[in-house]
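Student: Chains as they are written, first to last, in this note's numbering: chain C, 1 to 119; chain G, 120 to 230.
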Amino acid sequence: EAGVAQSPRYKIIEKRQSVAFWCNPISGHATLYWYQQILGQGPKLLIQFQNNGVVDDSQLPKDRFSAERLKGVDSTLKIQPAKLEDSAVYLCASSLDWDRRTGKVRGYTFGSGTRLTVV
Amino acid sequence: QKEVEQNSGPLSVPEGAIASLNCTYSDRGSQSFFWYRQYSGKSPELIMSIYSNGDKEDGRFTAQLNKASQYVSLLIRDSQPSDSATYLCAVKHFGNEKLTFGTGTRLTIIP
Chain C
1 EAGVAQSPRY KIIEKRQSVA FWCNPISGHA TLYWYQQILG QGPKLLIQFQ NNGVVDDSQL
61 PKDRFSAERL KGVDSTLKIQ PAKLEDSAVY LCASSLDWDR RTGKVRGYTF GSGTRLTVV
Chain G
120 QKEVEQNSGP LSVPEGAIAS LNCTYSDRGS QSFFWYRQYS GKSPELIMSI YSNGDKEDGR
180 FTAQLNKASQ YVSLLIRDSQ PSDSATYLCA VKHFGNEKLT FGTGTRLTII P
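1) Does any C-beta atom of chain C lie closer than 8 Å to the C-beta of F220(G)?
2) What is the rounded straight-line gap between the Cα of S188(G) and the Cα of K121(G)?
3) Where does D202(G) fall in DSSP's three states?
4) Given a limit of 9 Å on CB to CB distance, which residues of the stretch 31-52 of chain C reach chain G?
5) What distance in whole Å lies between the Cβ atoms of A138(G) and L226(G), which are believed to be in contact at a cut-off of 8 Å?
6) Tell me the rounded alpha-carbon separation between S198(G) and D63(C).
7) Which residues does DSSP pair with Y90(C) in a beta bridge?
8) What residues from chain G crowd round F110(C), counting only those whose CB sits closer than 8 Å?
9) Tell whether a beta-carbon distance below 8 Å holds between R9(C) and P81(C).
10) Can you say whether V123(G) is buried or exposed, counting buried as having 16 or more other CB atoms within 10 angstroms of its CB?
11) Tell me the rounded alpha-carbon separation between I38(C) and P61(C).
12) Per DSSP, Q157(G) forms a beta bridge with which residues?
13) The beta strand (DSSP E) spanning V73(C) covers which residue range?
14) Could you check the C-alpha separation between E85(C) and V118(C) for me, to the nearest Å?
15) When DSSP builds the beta bridges, which residues end up paired with T219(G)?
16) What do you reckon, are the CB atoms on F49(C) and S27(C) nearer than 8 Å?
So, in structure tokens, the structure goes:
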């Protein structure tokens, strides 16, 4: 089974520039997540998609961040304009439907991430 | 108060000894608990999940859950240098698929 694909692996931009990250989840996984991991911290959820609909974007800085998942497969996360504090690894993860009765997640796999440096 | 708290470490353990990692969470509605291992420069990988009070063993790993105390732990027996990594505790509230992560504990196994 192919894993979660992300690109690019690394990106260096100047502050106030824009940047976009791409994610292709595991085939058949309905739920897709974007996490931000700042150095020395745990991953923080930015946005969660169920198919092509947004389930949770409460921690997404909407003045500068946007995300879409057209056709319920690939997803793009964009930052415009970037700030120095956006320097982090952006992780995409996907999962199958889960069992609502037991609360058991059947699969939650991370991609290799995109390391963003804003200078 | 943070939703998921871990001691950031670093935690140093001699090779062959037992490494004990701890995690507390604040939301009593939490139903599912996970331990992820993250090597430097790599993405997190799931190593254990636990849903019921008590112990769950998988090879050298044992997860322990005490919902009354809102406490989750991970024991690594016969620690190996390859176990050196950051261990992330993650919690999921029933009815919501998102995971909330702690800051992670950095573990170093000393040969």
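Even for Gly, the Cβ is constructed at its ideal location relative to N, Cα and C. What you are looking at is a predicted structure, and each value in this text was computed from that prediction instead of being measured.
Tutor: Result, derived from the coordinates:
1) The count along the second sequence starts at 1 and reaches residue 220(G) at position 101. Chain C contact via Cβ: present.
2) Counting from 1 along the second sequence, the entry for residue 188(G) is found at position 69. Counting from 1 along the second sequence, the entry for residue 121(G) is found at position 2. Cα to Cα, the separation comes out at about 16 Å.
3) One-based indexing of the second sequence puts residue 202(G) at position 83. It is helical.
4) Listed by position along the chain: T31, Y33, Y35, Q37, G40, Q41, G42, P43, K44, L45, Q48 and Q50.
5) Position 107 of the second sequence, counted from the first residue, corresponds to residue 226(G). Position 19 of the second sequence, counted from the first residue, corresponds to residue 138(G). Rounded, the Cβ-Cβ distance is 6 Å, consistent with contact.
6) The residue you call residue 198(G) lines up with position 79 of the second sequence. The residue you call residue 63(C) lines up with position 63 of the first sequence. Cα to Cα, the separation comes out at about 46 Å.
7) In the first sequence, residue 90(C) corresponds to position 90, counting from 1. Looking at the DSSP output, Y90(C) sits in a beta bridge with Q36(C) and T114(C).
8) For this step, residue 110(C) is matched to residue 110 along the first sequence. Ordered by position in chain G, the residues that pass the 8 Å Cβ test against F110(C) are S162, P163 and E164.
9) Within the first sequence, the letter at position 9 stands for residue 9(C). Within the first sequence, the letter at position 81 stands for residue 81(C). Here R9(C) is not near P81(C), since their CB atoms are 8 Å or more apart.
10) Your numbering for residue 123(G) matches position 4 in the second sequence. V123(G) should be labelled buried.
11) Taking the first residue of the first sequence as 1, we reach residue 38(C) at position 38. Taking the first residue of the first sequence as 1, we reach residue 61(C) at position 61. If you take the alpha carbons of I38(C) and P61(C), they lie about 15 Å apart.
12) Taking the second sequence and counting its residues from 1, one reaches residue 157(G) at position 38. Paired residues: T205(G).
13) Here residue 73(C) refers to the residue found at position 73 when the first sequence is read from its first residue. Membership of V73(C) in any beta strand (DSSP E) is not indicated, and neither H nor E is assigned to it by DSSP.
14) Position 85 of the first sequence, counted from the first residue, corresponds to residue 85(C). Position 118 of the first sequence, counted from the first residue, corresponds to residue 118(C). E85(C) and V118(C): Cα-Cα distance of roughly 8 Å.
15) The residue given as residue 219(G) occupies position 100 in the second sequence. Bridge partners of T219(G): V210(G).
16) Here residue 49(C) refers to the residue found at position 49 when the first sequence is read from its first residue. Here residue 27(C) refers to the residue found at position 27 when the first sequence is read from its first residue. Not in contact: F49(C) and S27(C) (Cβ atoms no closer than 8 Å).
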